[in-house]
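Report on the structure given below.
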Amino acid sequence: GWLDQRTIVEFAKYTAYAARAFGDLVDLYATINEARIVGQHGYLSDPPEFPPGLYSPEHFMTVLHHLSIAHVVSYDQVKRWDSTSTSDLGPATVGVVCVLQYFDPADPGNPRDVEAARFVEYLYNEWFLNSITKGDFDVNLDGTIEPHEQRPHMVRGCDFIGVNYYTRWLVKHAVKGGDPRFDYALGPGGGELTDSNWDVYPPGLRHVLNWAYDRYRRPIYVTENGITDSKDERRVGYLLDHLGQLHAAIEDGVPVLGYFHWSLMDNFEWSDGYKMRFGLYNVDRETKERTPTKAVPVYREIASSNTLPE
Numbered sequence: 001g002w003l004d005q006r007t008i009v010e011f012a013k014y015t016a017y018a019a020r021a022f023g024d025l026v027d028l029y030a031t032i033n034e035a036r037i038v039g040q041h042g043y044l045s046d047p048p049e050f051p052p053g054l055y056s057p058e059h060f061m062t063v064l065h066h067l068s069i070a071h072v073v074s075y076d077q078v079k080r081w082d083s084t085s086t087s088d089l090g091p092a093t094v095g096v097v098c099v100l101q102y103f104d105p106a107d108p109g110n111p112r113d114v115e116a117a118r119f120v121e122y123l124y125n126e127w128f129l130n131s132i133t134k135g136d137f138d139v140n141l142d143g144t145i146e147p148h149e150q151r152p153h154m155v156r157g158c159d160f161i162g163v164n165y166y167t168r169w170l171v172k173h174a175v176k177g178g179d180p181r182f183d184y185a186l187g188p189g190g191g192e193l194t195d196s197n198w199d200v201y202p203p204g205l206r207h208v209l210n211w212a213y214d215r216y217r218r219p220i221y222v223t224e225n226g227i228t229d230s231k232d233e234r235r236v237g238y239l240l241d242h243l244g245q246l247h248a249a250i251e252d253g254v255p256v257l258g259y260f261h262w263s264l265m266d267n268f269e270w271s272d273g274y275k276m277r278f279g280l281y282n283v284d285r286e287t288k289e290r291t292p293t294k295a296v297p298v299y300r301e302i303a304s305s306n307t308l309p310e
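In our numbering, the protein residues as written are 1 to 310.
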């Protein structure tokens, strides 16, 4: 897997093949989806969510490091092998997709919670993007880039940033043993919870969009945003509230080029199987019938008119 450097080479081969095979059909590419989640759920989550399910901050950082290099080499391969333009974007617009979340200290009056929240935001939201856009590989996680951690030769490009946004988390200091910087626990905020027990916090979308653009000055796509709602009672409100915050971010000056709702149909989640229903269309797993949720006509009208309802 991603602990092995050879995976980077194999991924580069795969990227080159895909760009050559589909270049006459595709102009918009994302190299890696949610690099941080791959490492976090495999090596930091308690209880484990992804294989191999081993708690190891060291392995987490190795995975994140290798994925950042994989983006670099994949960016080069797409640019090399896709020279055919099928849209106004040009032959190959290549970016990366990151899950960005809003983090608050569980107790703003507790310095340990405040420091834990600061560290988690840096580790989860910032580290990977710093590595691929600036060549900053903060190996010791001290927030200072030493000469040996600055690798400008690793900066190839990132034409856009894809932002996946779902929720905010409260960060609490919690002793785990080992590296004390990883002594934290995440919990939902005090708002309404989805079926996944994720806090519904629309202002966080505006916050992370402004945060990403202010730091990295790249155009942005919202590549995932949605809710698990098996009773189909909250999806319309979730959609409208988050699109309202998206519109506010655009008015702030953030160049948002597109919005992709997660998801079109109920999907398979690595941690939850088919239990969680993200889909605009519900899927009956026995009959395969697709049933539109209440959000479908609302989303259709927004997409058709490019306006939010009054």
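Using N, Cα and C, we set each Cβ at its ideal position, and we do this for glycine too.
- The straight-line gap separating the alpha-carbon atoms of Gly-157 and Asp-284 is approximately 42 Å.
- Inclusion of Val-94 and Tyr-75 in the CB contact set at 9 Å is warranted, their separation being smaller than that value.
- Residue environment for Ala-116: buried (at least 16 other C-beta atoms within 10 angstroms of its C-beta).
- One Cα belongs to His-65, the other to Val-120, and the distance between them is close to 17 Å.
- For Leu-3, the three-state secondary structure derived from DSSP is coil.
- Annotated three-state conformation of Asn-33 is strand, per DSSP.
- DSSP places Lys-79 in the uninterrupted alpha helix (DSSP H) bounded by 57-81.
- Take the alpha-carbon of Pro-219 and the one of Thr-293: they are about 31 Å apart.
- Selection Glu-224, Ile-250, Met-61 and Val-254 evaluated against Val-163 yields Glu-224 as nearest (Cα-Cα).
- Looking at the DSSP output, Thr-291 shares a beta bridge with Asn-282.
- Distance from Tyr-221 to Phe-260 at the Cβ level is roughly 7 Å; contact confirmed, criterion being Cβ atoms closer than 8 Å.
- Counting along the chain, Thr-133 sits inside the alpha helix (DSSP H) bounded by residues 127-134.
- Using a Cβ distance threshold of 9 Å, Gly-187 and Lys-172 count as a contacting pair.
- For Phe-22 and Arg-234, the gap between their C-alpha atoms comes out near 38 Å.
- Check the Cα spacing between Ala-35 and each of Arg-181, Asp-136, Val-97 and Tyr-14: the tightest is with Val-97.
- The beta-carbon separation of Tyr-102 and His-207, rounded to 6 Å, stays under the 8 Å limit for a contact.
- Exclusion of the five residues before and after Ser-131 leaves Ser-68 and Phe-137 as the residues of its chain whose Cβ lies within less than 6 Å of its Cβ.
- Under the three-state reduction of DSSP, Glu-192 is assigned to coil, being neither helix nor strand.
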